[in-house]
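Q: Here it is: the structure, laid out below.
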Amino acid sequence: MTEKMGMAAARERVKELRRVIEEHNYRYYGLDQPIISDFEYDKLLKELIDLEKAYPELITPDSPSQRVGGVVLKEFQPVQHEQALLSLDNAFNDEDLLDFDRRVRQATGSSVAYVVEPKIDGLSVALTYNNGIFTLGATRGDGRVGEEVTANLKTIASLPLRLKQSISKLIVRGEVFMPKAAFASLNKTREEAGEQLFANPRNAAAGSLRQLDTKVTASRQLGFFAYQVISIEGATINSQVEALELMAELGLPVAPYRVLAPDIKAVLDEVKAWTPERRAELPYEIDGLVIKVNDLSLYSTLGMTTRAPRWAMAFKFPAEQATTRVEDIILRVGRTGVLTPTAILSPVRLAGTTVGRATLHNEDYIREKDVRIGDTVVVQKAGDIIPEVVEVLKEKRKGLEKPFKMPGRCPVCGAAVVRVSGEAAHRCTNGLACPAQVLEGIIHFASRGAMDIQGLGPSIITQLLESGLIHDAADLYYLKQEDLLKLERFGKQSSKNLIEAIEQSKQQPLERLLFGLGIRYVGQRAARILAKHFGSLDKLASATKEEIMSLSDIGSSIANSVQQFFDEPQNLKVIEKLKQAGVRLETKGTITTEGPLTGKTLVITGTLPGLSRKEAEALITQAGGKVTSSVSRNTDYLLAGEKPGSKYTKAEELGIPIIDLEGLKQLID
Ligand code: IVH
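According to the working numbering, the sequence shown is numbered sequentially starting from 99.
Structural data, given as structure tokens:
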């Protein structure tokens, strides 16, 4: 269909699709009133993407197609903020707020009205719109210099790429956040994958936005609320209420709750109205309220300190706490053998949920707080999500409480437990001979981020291990339907489905297998980098430490751990079994471009005349070459621009040819 459409018709259709898609986006995210189904929406988006594929010249930076991610950045570029992004002073009680009001009245000489807004718990960003088009997005950073995250921000569905009116210039500040539901599902996936959990939605939002691979950001369902106009050309606003209204009119999402309080008394009433129950009902976390002087003309009189403006104040909610009893302290043995102590609590209501467990992190934490079995403790939710023990009420002790001691032997396999010096964690030393580590390792192997074997969860893996049908992850590929039929809970269809799912997983890309092998420190990102560079498990296994470390973002701990992994005979046995079973151990149809630089590794240093680093890299990779970040014996050329760094001396020392941009062009020609 699309190929047959002429250019002029395609241009018109693309324009129409963009308008319609943005309208539906706004209805969905801005108004919460969608009028079409997700399916219909996806169909429109797909039509647009297909048309843009057929006519790449029609792609524009504000096209909704840009939201799906796909840009892979090498590093984040620093951005100098036009105006420093300040922080806020905190108030914790009515007194603090009354003091704030007193100072405001003293400076302005009159009573003033305030706007009370929710304080969204995420991370602050500044967005620049030029002629209505979103052109630059940056994190707050240290307030003066942040990081450029435009491509990442474009993946946030509620963030408009084009404003509803094209005012000449607008810079707004707002908060990127992760809704509670998205946070819960992300952590669930991570738990299944044996990955470290995010402690709270704020960390999760920050971690998700700062992803070099924007597809990852796109998958995280982030939200955005604008709350401040930093600078504006082409329209006038006189108050914070007007600023919020204007931003909403322009299509920017603005938090749906705000109150214009005529005086500080009304502010105190509003603060009181925000009960923990009301907070719990919101689909995103707020950690307080922000109180701002409404009249913008007073801002210059009020001025600011180096840290925060004098026209605003953050009211921080107290962390919700509850008192309960520690019934027991149990240990969980993780995939890498780490023993994590967890307090089993008498169930207690806390910030909208019932809490029955709290993490005790490690032995030092237990010792520092002196937590004993039988103690009455105060628990709180860190960032309102993961409960932790804050304090032991020692006056409630009866003398029967039992101190906890880290065992010298693993509670699962009985092997020795050691605490590696410099680490807080205790580990079981039995490696893959510890059933708990084997179990967790296979759960990780089959998990969604790794080999993604549908229907193979912790309980089935436990069943397979206990029945002796498997001893490691590779054994999964030798299972037969008859084996499964002998097990409880398996019928004809379910056993067939599982065998099929296992079979399908043989074709998973190398990066997933690499991640699934559970090599210490090799998370999804490192696995992707290693798979892309080496192309096969064999090549990675025989790579030198230097070669592994020459890849950008791969440090010595990953390189060491990769080598240790391939030095371990047990691991080699598993890999051999995977190979025999037909599991894919290399990247399919490696995507290296053939060209004059094929097989050559280049490093870039200094500023290149008239060419950004990204453009230079593209030039090299298009010619078949590879760019790494540090100079080693494996480097073929150093491309040096103005003001080269220490890489220049290193290349000289190693006798590596140093070329300039002209030299590069000659090589390519
Ligand atoms: S106004 C110069 N309004 O809270 C004043 N900040 O603790 C700019 N925040 O860094 C901030 N919701 O990231 C403002 N409605 C809101 C907010 C808000 C969340 C964050 C913001 C700021 C932090 C200060």
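Backbone N, C-alpha and C define an ideal beta-carbon position, used for all residues, glycine too.
Counting only runs that start and end within the segment 508-584, where is the beta strand (DSSP E) found for 3 or more residues in a row?
A: Taking only runs of at least 3 residues, the beta strand (DSSP E) segments lying wholly in the segment 508-584 are 515-517, 524-526.
Q: Could you check whether the segment 293-306 touches the segment 314-328, counting it as contact only if at least three pairs of C-beta atoms, one from each stretch, sit closer than 8 Å?
A: Counting C-beta pairs with one atom in each stretch, the segment 293-306 and the segment 314-328 have three or more that are closer than 8 Å, which means they touch.
Q: So the candidates are Val177, Lys144, Leu171; which of them puts its Cα closest to the Cα of serine 163?
A: Within the sequence shown, the letter at position 65 stands for residue 163. Of Val177, Lys144, Leu171, the residue nearest in Cα terms is Lys144.
Q: Does DSSP put phenylalanine 413 in a helix, a strand or coil?
A: Here the question's residue 413 lines up with position 315 in the sequence shown. Phenylalanine 413 falls in the strand class under three-state DSSP.
Q: Can you determine whether any heavy atom of ligand 1 sits closer than 7 Å to the C-beta of valine 388, and answer yes or no?
A: Numbered from 1 along the sequence shown, position 290 holds the residue referred to as residue 388. The nearest non-hydrogen atom of ligand 1 is less than 7 Å from the C-beta of valine 388.
Q: For serine 185, is the beta carbon positioned less than 7 Å from some heavy atom of ligand 1?
A: The sequence position of residue 185 within the sequence shown is 87, counting from 1. For ligand 1, at least one heavy atom lies less than 7 Å from the Cβ of serine 185.
Q: Considering only heavy atoms of ligand 1, does any lie closer than 7 Å to the CB of arginine 238?
A: Counted from its first residue, the sequence shown places residue 238 at position 140. Yes, the Cβ of arginine 238 comes within 7 Å of a heavy atom of ligand 1.
Q: What is the rounded straight-line gap between the Cα of arginine 433 and the Cα of valine 536?
A: As a working note, residue 433 is residue 335 in the sequence shown. As a working note, residue 536 is residue 438 in the sequence shown. Taking the straight line joining both Cα atoms gives about 7 Å.
Q: Among Thr719, Pro755, Lys677, which one has its Cα closest to the Cα of glycine 697?
A: By 1-based counting over the sequence shown, the position of residue 697 is 599. The shortest Cα separation from glycine 697 among Thr719, Pro755, Lys677 belongs to Thr719.
Q: Answer yes or no: the CB of serine 222 versus the heavy atoms of ligand 1, is any distance below 7 Å?
A: Position 124 of the sequence shown, counting from 1, holds the residue named residue 222. Yes, ligand 1 has a heavy atom inside 7 Å of this Cβ.
Q: Rounded to the nearest angstrom, what separates serine 208 and tyrosine 124 at their Cα positions?
A: Locating residue 208 in the sequence shown gives position 110, where the first residue counts as 1. Locating residue 124 in the sequence shown gives position 26, where the first residue counts as 1. So the alpha carbons of these two residues sit roughly 40 Å apart.
Q: So, at 6 Å on beta carbons, what are the nonlocal neighbours of alanine 502 in its own chain, with the 5 sequence-adjacent residues on each side left out?
A: Against the sequence shown, residue 502 aligns to sequence position 404. Residue 502 is actually phenylalanine in this sequence, not alanine. Contacts found: Ile427, Ile464.
Q: Taking the alpha-carbon positions, what's the leucine 251 to glycine 704 distance?
A: Residue mapping note: residue 251 aligns to position 153 of the sequence shown, counting from 1. Residue mapping note: residue 704 aligns to position 606 of the sequence shown, counting from 1. About 29 Å.
Q: Less than 8 Å between the beta carbons of isoleucine 218 and isoleucine 328, yes or no?
A: As a working note, residue 218 is residue 120 in the sequence shown. As a working note, residue 328 is residue 230 in the sequence shown. No, they are not a contact pair.
Q: Within 10 angstroms of its Cβ, does tyrosine 576 collect 16 or more other Cβ (buried), or is it exposed?
A: Translated into the one-based positions of the sequence shown, residue 576 becomes position 478. That one is exposed.
Q: Starting from the C-beta of isoleucine 600, find all residues in its chain whose C-beta is less than 6 Å away, skip the five residues before and the five after it, and write them out in chain order.
A: Against the sequence shown, residue 600 aligns to sequence position 502. Here the set comprises Ile551, Leu574.
Q: On the DSSP letters alone, give me the boundaries of the alpha helix (DSSP H) that phenylalanine 663 sits inside.
A: For the purposes of this step, residue 663 is identified with residue 565 of the sequence shown, where counting begins at 1. Here the alpha helix (DSSP H) through phenylalanine 663 covers 654-665.
Q: Is it buried or exposed for aspartate 482, if we count other Cβ within 10 angstroms and need 16 for buried?
A: Walking along the sequence shown from the start, residue 482 turns up at place 384. Per-residue confidence for aspartate 482 stands at a pLDDT of 49, beneath the threshold of 50, marking its modelled position as unreliable; no derived number is given.
Q: Pairs of beta-carbons, one from the segment 177-185 and one from the segment 154-162, closer than 8 Å: are there three or more?
A: no
Q: Taking contact to mean at least 3 C-beta pairs separated by less than 8 Å, is the segment 267-283 in contact with the segment 361-375?
A: no
Q: If you draw a straight line from the C-alpha of valine 729 to the C-alpha of alanine 302, how long is it?
A: For the purposes of this step, residue 729 is taken as the residue at position 631 of the sequence shown. For the purposes of this step, residue 302 is taken as the residue at position 204 of the sequence shown. CA-CA distance, valine 729 to alanine 302, rounds to 34 Å.
Q: When the Cα atoms are used, what is the spatial distance from arginine 242 to leucine 184?
A: As a working mapping, residue 242 is identified with position 144 in the sequence shown. As a working mapping, residue 184 is identified with position 86 in the sequence shown. Taking the straight line joining both Cα atoms gives about 9 Å.
Q: In angstroms with no decimal places, state the Cα-to-Cα distance between asparagine 658 and valine 487.
A: On the sequence shown, position 560 is the one that residue 658 refers to. On the sequence shown, position 389 is the one that residue 487 refers to. Straight across, the Cα-Cα distance linking asparagine 658 with valine 487 is about 36 Å.
Q: Anyone know if the C-beta pair for glutamate 273 and serine 222 falls short of 8 Å?
A: Your numbering for residue 273 matches position 175 in the sequence shown. Your numbering for residue 222 matches position 124 in the sequence shown. Yes. Within cutoff.
Q: Note down, in chain order, each residue of its chain lying with its Cβ closer than 8 Å to the Cβ of glycine 743, except the 5 sequence neighbours on either side.
A: Stepping through the sequence shown from its first residue, residue 743 is reached at position 645. Excluding positions up to five away in sequence, the list reads Thr703, Gly704.
Q: Work out the CA separation of methionine 411 and arginine 356 for me, nearest whole Å.
A: The residue labelled residue 356 in the question sits at position 258 within the sequence shown. The residue labelled residue 411 in the question sits at position 313 within the sequence shown. So the two alpha carbons sit approximately 15 Å from each other.
Q: In or out: glutamate 760 buried (at least 16 other Cβ within 10 Å) or exposed?
A: Within the sequence shown, residue 760 is the residue found at index 662, counting from 1. Flag for glutamate 760 reads exposed.
Q: Under 8 Å: do the segment 325-343 and the segment 389-402 share three or more Cβ pairs, one atom per stretch?
A: yes
Q: Do alanine 412 and ligand 1 come close, with the Cβ less than 7 Å from some heavy atom?
A: Taking the first residue of the sequence shown as position 1, residue 412 is located at position 314. Yes, since a heavy atom of ligand 1 falls inside the 7 Å radius drawn around the Cβ of alanine 412.
Q: Give the DSSP-derived three-state secondary structure of proline 354 in the structure shown.
A: In the sequence shown, the residue the question calls residue 354 occupies position 256. Of the three classes helix, strand and coil, the one that applies to proline 354 here is coil, per DSSP.
Q: Is the CB-CB distance between leucine 683 and serine 634 below 8 Å?
A: Along the sequence shown, one-based indexing puts residue 683 at 585. Along the sequence shown, one-based indexing puts residue 634 at 536. In terms of Cβ geometry, leucine 683 and serine 634 form a close pair [threshold 8 Å].
Q: Counting along the chain, where does the beta strand (DSSP E) carrying isoleucine 211 start and finish?
A: Taking the first residue of the sequence shown as 1, we reach residue 211 at position 113. Reading off the sequence shown, one finds alanine at residue 211, where the question assumed isoleucine. Careful: alanine 211 lies outside any beta strand (DSSP E) and carries neither H nor E.
Q: Between valine 515 and the rest of its own chain, which residues show a CB-CB distance below 8 Å, the 5 nearest in sequence each way excluded?
A: The sequence position of residue 515 within the sequence shown is 417, counting from 1. Within the same chain, valine 515 has close Cβ partners Leu437, Met504, Pro505, Gly506, Arg507, Cys508, His524, Arg525, Cys526, Thr527.
Q: Round the Cβ separation of glutamate 245 and proline 176 to the nearest angstrom and send it over; I've been treating them as touching at under 8 Å.
A: The residue labelled residue 245 in the question sits at position 147 within the sequence shown. The residue labelled residue 176 in the question sits at position 78 within the sequence shown. Contact flag correct, Cβ pair sits at about 6 Å.
Q: Assuming the contact rule is C-beta atoms closer than 8 Å, leucine 387 and proline 216 should be a hit. Round their C-beta distance to whole Å, please.
A: The residue you call residue 387 lines up with position 289 of the sequence shown. The residue you call residue 216 lines up with position 118 of the sequence shown. The Cβ separation is near 6 Å, so the contact holds.
Q: In angstroms, rounded to a whole number, what distance separates the CA positions of glutamate 120 and tyrosine 127?
A: If you number the sequence shown from 1, residue 120 lands on position 22. If you number the sequence shown from 1, residue 127 lands on position 29. Their Cα atoms are separated by approximately 10 Å.
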